[in-house]
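The structure under discussion appears below in the form of structure tokens.
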Amino acid sequence: MIRVVHSDTKRKLTGSELSSITRRATGAGLAEHVELTDGMFNAAYRLTTDDGRVVVLKVAPPPGTPLMTYERDIMRTEVMAFRLMAAHGVPVPEVLHAEDGLLVMSCLDGGSWASLDQELAPGARASLRRELGGIVARLHRIEGDSFGYPEGPGGDTWRGAFLAMVASVLADADVFGVGLPEGLSDWFQARSAVLDEVTTPVLVHFDLWPGNIFVDPAAPAVVGIIDPERAFWGDPLADFVSLALFGDIEDEPDFLLGYGAVDLTESARQRVRLYRVYLYLIMIVECAPRGFVGEDHEKAVRFYRERLAADLT
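So the sequence shown is numbered by the UniProt record's numbering: it starts at 1 and just counts up by one.
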């Protein structure tokens, strides 16, 4: 069954628009196109050219679409991150063409870990998690010059940048009328001293859930990582949140073995807790501008709020 995710941020293109983009990006005509419906933010299409190539097109939301602050111009972030990751040996799609609001990239083999998990042979998960750990370690060797989102908000210190990132999400909640627990700004401020331990900004993907990790079940092997549009410069530990979504990275020994030495001190755990709460806030607030409705959506938001409440206590 094809899973269709409706989002008000998705921009639909006509066949003639897709043909024009295909010609500009590849120099070939468009033979076939299929909309990829799993995504929750950008529209995406798999394009087959008339000379047999297969590429993927991502389309940013239409101008004027209500977005969260950090989501503005994040396709630029995605292009930047893909190119940096490729240069450092991280397996990602190749950027073939980029222009305002459009990104054309190579099509990865295999499929998302989320969709293929049931096809993995016994023992395959352990080897894949070890391989993924090594890949994420390479990602975290990419260093930047400042902290925060490439398109803002950011700052000269990790504490300053992260608190600005939090403040923007809280402001977005007010704009979109999303109710959140009282005192969140003070909660983050009171626990922010541990962020001063982070002095070198590294590239953080921040969306490494199984849907964004492509695997080949037969090998088994990690084929690549997609969707780094929410990347920022910050603490590498922030990636441990989505890598163990709704869980604990310390319960992932195979990943940690592949990742290498990491000292999960009490202050490190407190930093991860801050990033986890930040992610829950994003997951709650983003539903409003995307126009998500229905029983499944309401159930998911209740779950996010329960997890948020548990981490705040």
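C-beta atoms are modelled at their ideal positions from N, C-alpha and C, and glycine is treated no differently.
task: Go ahead and label D207 buried or exposed: buried means 16 or more other beta carbons lie within 10 angstroms of its beta carbon, across all protein chains shown.
output: buried
- prompt: Just the Cα atoms here: how many angstroms apart are R290 and E71?
  reply: 12 Å
Residues of its chain near E295, where Cβ-Cβ distance is below 7 Å and the 5 sequence neighbours each way are ignored: none
query: With P62 and R129 assumed to form a contact (beta carbons below 8 Å), what rounded beta-carbon distance in angstroms separates them?
result: Contact flag wrong, Cβ pair sits at about 39 Å.
task: Figure out for me which residue from G177, G148 and D172 has the closest Cα to the Cα of L163.
output: G148
query: So, are the CB atoms of A126 and P217 less than 8 Å apart?
result: no
field: Three-state secondary structure assigned by DSSP to Y149
entry: coil
Secondary structure of D73, DSSP reduced to three states: coil
- request: Give the DSSP bridge partners of D216, in chain order.
  value: A221
task: Express the C-alpha separation of A161 and S242 in angstroms, rounding to a whole number.
output: 20 Å
- prompt: So what's T313 in DSSP terms, helix, strand or just coil?
  reply: coil
6 Å CB neighbourhood of M165 in its chain, flanking five on each side removed: P153
Sequence-distant residues of the same chain with beta carbon closer than 8 Å to G234, five excluded per side: F147, G148, W158, A161, F162, V198, P201, V202 and V204
Rounded C-alpha distance that separates C287 from E298: 10 Å
task: Please confirm if the region 256-271 is in contact with the region 169-186, defined as three or more CB-CB distances below 8 Å between the two stretches.
output: no
- prompt: For S168, which residues does DSSP report across the bridge?
  reply: Note: S168 sits in no beta bridge, so no partner.
task: Count the other C-beta atoms from every protein chain shown that fall within 10 angstroms of the C-beta of G224, then say buried if there are 16 or more, exposed otherwise.
output: buried
message: Taking the beta strand (DSSP E) that F232 belongs to, which residues open and close that run?
response: F232 to G234
task: Using the Cα positions of A309 and V262, report the straight-line distance between them to the nearest angstrom.
output: 28 Å
- request: Starting from the Cα of L84, find the closest Cα among A231, A43 and D109 and give me that residue.
  value: A231
query: First and last residue of the alpha helix (DSSP H) that includes E131?
result: A124 to L139
message: Using only CA atoms, which one of T265, F246, F255 and L256 lies nearest to A300?
response: F246
- prompt: Can you tell me where the alpha helix (DSSP H) with A60 in it begins and where it stops?
  reply: Here A60 belongs to no alpha helix (DSSP H), and DSSP marks it neither H nor E.
- request: Please report the Cβ distance between A25 and L96, rounded to the nearest whole angstrom; I am assuming they are in contact, meaning their Cβ atoms lie under 8 Å.
  value: 6 Å
message: Let's see if you can read the secondary structure: which residues bound the beta strand (DSSP E) around M105?
response: L102 to S106
- prompt: Do you know how far the Cα of P91 is from the Cα of V79?
  reply: 14 Å
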